[in-house]
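Enquirer: Following UniProt numbering, the numbering of the sequence shown begins with 1 at its first residue and continues without gaps. Here it is: the structure, laid out below.
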Amino acid sequence: MTTFDELFGRDPEGLWAAPGRVNLIGEHTDYNEGYVMPFALPHTVRATAAGRADGRLRLHSLGVEGGTVEVALDGLAPGGVPGWAAYPAGVAWALRDAGHDIGGADILFDSDVPTGAGLSSSAAIEVATALALSDLNGLGLPPDELARLSQRAENDFVGMPCGILDQMASASCSAGHVLHLDTRDLGRRQVPFAMALEGLRLLVVDTQVKHSHADGAYATRRAECEAGAAALGVPYLRDVAHEKLADALGRLEDEAVRRRVRHVVTENRRVERVIELLDAGRAREIGPVLTEGHASLRDDFEVSCPELDLVVEVANAAGALGARMTGGGFGGSAIVLVDEDAAGAIGTAVTDAFGAAGYRAPRVFEAIPSPGARRLPL
Ligand code: GAF
């Protein structure tokens, strides 16, 4: 494997890691200033890095064709860097645009976060870069700031209008916990999620498909939510109370907007229900809430796809406690809550069903709540 010194002809100053995530519940709520509940995966993007005094950024990713990308910090502009390097370059741009006086850097990336799987490989590379540049330049930025700058990079440099779910998950999750995050003010609580103690497992099923219209459809959904909020005279859909939902829906003329609003308002309520159950030590009872969330994403928000629907249908028929797509949708991954004794059989049932449907075999693995971004020993 290529090492930092072979590539850059010098020793690294440090090593930083930032994880991918799954979202337990609270989907497409973040850009509506609602609630989310992610936890970090053990899979990380690792950034081995050293600062440079000449204002240049040299970026290299193991496992990506195309060699080293070199750019001058002074020349960075939105849309100016193609491909994967736009994410770390965008973070450097966002740091400087926010007034942070950073120098250049040599950074070698290495990742085991599956890409295109809805598990936040983009946020992981952004947050790993933000933490590395923060430490290399003595900025000491807290997790909220690392997440906000990473989101800014993705929104305004890469051009993807995401919310802050993925970046906050990567920057601030804690091992053994699920993060209950209010995306309005980034208020949060680490909620113990010791599934194994209750004989439970949470499986990730990566369908290994990503439908090509995903990015455009994401932007459309966001615009529809904003149209719904405007029609209801509230700043964000977060401001529509669940008890007032029927009244709100009656005031909306556009059928698609009405369904998007119903998803967001009921999804925020589902986050509250999951929190209540976890706080009461009743984790196995969250299963039906997850499945209900999937139906809402499939029917009202229309961001699922046949492969994800098949995972949920087959897993539940095979005895899962509940299942749902996770992340933005249109492919990517689903999560499945199972009794530990049933995990193997349910995984096999899903894999067999994919074979019978003529789909590529999915990747099934257990999701273990893991730490957020951190510096590691070299
Ligand atoms: C993607 C986005 F990047 C997040 O901000 C969030 O909106 C998610 O889709 C859906 O909940 O992961």
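Every residue gets a Cβ at the ideal spot worked out from N, C-alpha and C, and that includes glycine.
DSSP three-state call for Phe330: helix, strand or coil?
Expert: Translated into the one-based positions of the sequence shown, residue 330 becomes position 330. Reduced to three states, the DSSP call for Phe330 is coil.
Enquirer: Is Met160 near the ligand GAF, in the sense that its beta carbon is under 8 Å from a heavy atom of that ligand?
Expert: Taking the first residue of the sequence shown as position 1, residue 160 is located at position 160. Flag set: Cβ of Met160 near the ligand GAF.
Enquirer: With a threshold of 8 Å, are at least 3 pairs of Cβ atoms found where one atom belongs to the region 155-169 and the other to the region 86-97?
Expert: They touch, by the three-pair rule.
Enquirer: Got a sec, what are the start and stop residues for the beta strand (DSSP E) Thr266 sits in?
Expert: Here residue 266 refers to the residue found at position 266 when the sequence shown is read from its first residue. Run containing Thr266: none in the beta strand (DSSP E); it sits in the alpha helix (DSSP H), Glu255 to Asp279.
Enquirer: Can you give me the Cβ contacts of Arg58 inside the same chain, cut-off strictly under 6 Å, excluding the 5 residues immediately before and after it?
Expert: Mapped onto the sequence shown, residue 58 falls at position 58. Only Thr68, Glu70 and Asp106 meet the Cβ criterion.
Enquirer: Out of Asp30, Glu13 and Arg10, which one is the CA nearest neighbour of Arg221?
Expert: Stepping through the sequence shown from its first residue, residue 221 is reached at position 221. When only C-alpha atoms are compared, the closest one is Asp30.
Enquirer: May I ask you to check if the CB of Asp144 is nearer than 8 Å to at least one heavy atom of the ligand GAF?
Expert: Numbered from 1 along the sequence shown, position 144 holds the residue referred to as residue 144. The answer is no for Asp144.
Enquirer: Could you work out which residue in Ala315, Gly104, Val209 and Ala194 is closest to Thr115 when comparing CA atoms only?
Expert: Here residue 115 refers to the residue found at position 115 of the sequence shown. The candidate whose alpha carbon is nearest that of Thr115 is Val209.
Enquirer: Take the Cβ of Asp206 as the centre, count every other Cβ of all protein chains shown within 10 Å, and call the residue buried at 16 or more, exposed below.
Expert: What you label residue 206 is simply residue 206 of the sequence shown in a count that begins at 1. Looking at its Cβ environment, which holds 16 or more other Cβ atoms inside 10 Å, Asp206 is buried.
Enquirer: Could you compute how far the alpha carbon of Leu179 sits from the alpha carbon of Met37?
Expert: Along the sequence shown, one-based indexing puts residue 179 at 179. Along the sequence shown, one-based indexing puts residue 37 at 37. Whole-angstrom Cα-Cα distance: 5 Å.
Enquirer: Suppose only complete runs of 3+ residues qualify. What are the beta strand (DSSP E) ranges in the region 149-196, listed by chain order?
Expert: DSSP runs (the beta strand (DSSP E)) wholly in the region 149-196: 177-182 and 187-192.
Enquirer: Counting beta carbon pairs with one atom in the region 161-181 and one in the region 262-270, are three or more of them shorter than 8 Å?
Expert: Taking 8 Å as the limit for Cβ pairs, the verdict is that the region 161-181 does not touch the region 262-270.
Enquirer: In three-state DSSP terms, what is Asp110?
Expert: For the purposes of this step, residue 110 is identified with residue 110 of the sequence shown, where counting begins at 1. It is a strand residue.
Enquirer: Quick one: give me the first and last residue of the beta strand (DSSP E) that Phe8 is part of.
Expert: Your numbering for residue 8 matches position 8 in the sequence shown. That residue, Phe8, is in no beta strand (DSSP E); its alpha helix (DSSP H) goes Phe4 to Phe8.
Enquirer: For the ligand GAF, is there a heavy atom less than 8 Å away from the beta-carbon of His28?
Expert: Along the sequence shown, one-based indexing puts residue 28 at 28. Answer for His28: yes, Cβ within range of the ligand GAF.
Enquirer: Quick test of your reading: Gly344 and Pro288, contact by CB under 8 Å. State the CB separation rounded to the nearest angstrom.
Expert: For the purposes of this step, residue 344 is taken as residue 344 along the sequence shown, with counting starting at 1. For the purposes of this step, residue 288 is taken as residue 288 along the sequence shown, with counting starting at 1. Not quite, the Cβ-Cβ distance comes to about 23 Å (not below 8 Å), so this is no contact.
Enquirer: How big is the Cα-Cα spacing for residue 379 and Val22?
Expert: Since the first and last residues shown for the chain are 1 and 378, residue 379 lies out of range.
Enquirer: Shortest alpha-carbon distance to Leu203 belongs to which of Val312, Leu146 and Asp144?
Expert: Against the sequence shown, residue 203 aligns to sequence position 203. Of the candidates Val312, Leu146 and Asp144, the one whose C-alpha sits nearest the C-alpha of Leu203 is Val312.
Enquirer: Per the contact definition of three or more C-beta pairs closer than 8 Å, is the region 218-234 in contact with the region 247-259?
Expert: Contact between the region 247-259 and the region 218-234 is present, because at least three Cβ pairs lie under 8 Å.
Enquirer: Quick check for students: name the residue ranges of the alpha helix (DSSP H) that lie wholly in the region 337-372, counting only runs of 4 or more.
Expert: If we require 4 residues or more, the alpha helix (DSSP H) runs fully inside the region 337-372 come out as 343-357.
Enquirer: If you measure between the beta carbons of His263 and Phe301, is that distance less than 9 Å?
Expert: If you number the sequence shown from 1, residue 263 lands on position 263. If you number the sequence shown from 1, residue 301 lands on position 301. Contact: yes.
Enquirer: Report the three-state DSSP secondary structure of Val91 (helix, strand or coil).
Expert: Mapped onto the sequence shown, residue 91 falls at position 91. Three-state result, Val91: helix.
Enquirer: Find out if the Cβ-Cβ distance for the pair Ala171, Leu146 is shorter than 9 Å.
Expert: The residue given as residue 171 occupies position 171 in the sequence shown. The residue given as residue 146 occupies position 146 in the sequence shown. Yes, they are a contact pair.
Enquirer: Considering only residues of the same chain and omitting the five flanking positions on each side of Asp74, which have a CB-CB separation below 7 Å?
Expert: Translated into positions along the sequence shown, residue 74 becomes position 74. Around Asp74: Gly55.
Enquirer: Taking the alpha-carbon of residue 425 as reference, which of Arg324, Thr183 and Pro19 has the nearest alpha-carbon?
Expert: Because the chain here runs from 1 to 378, residue 425 falls outside it and cannot be looked at.
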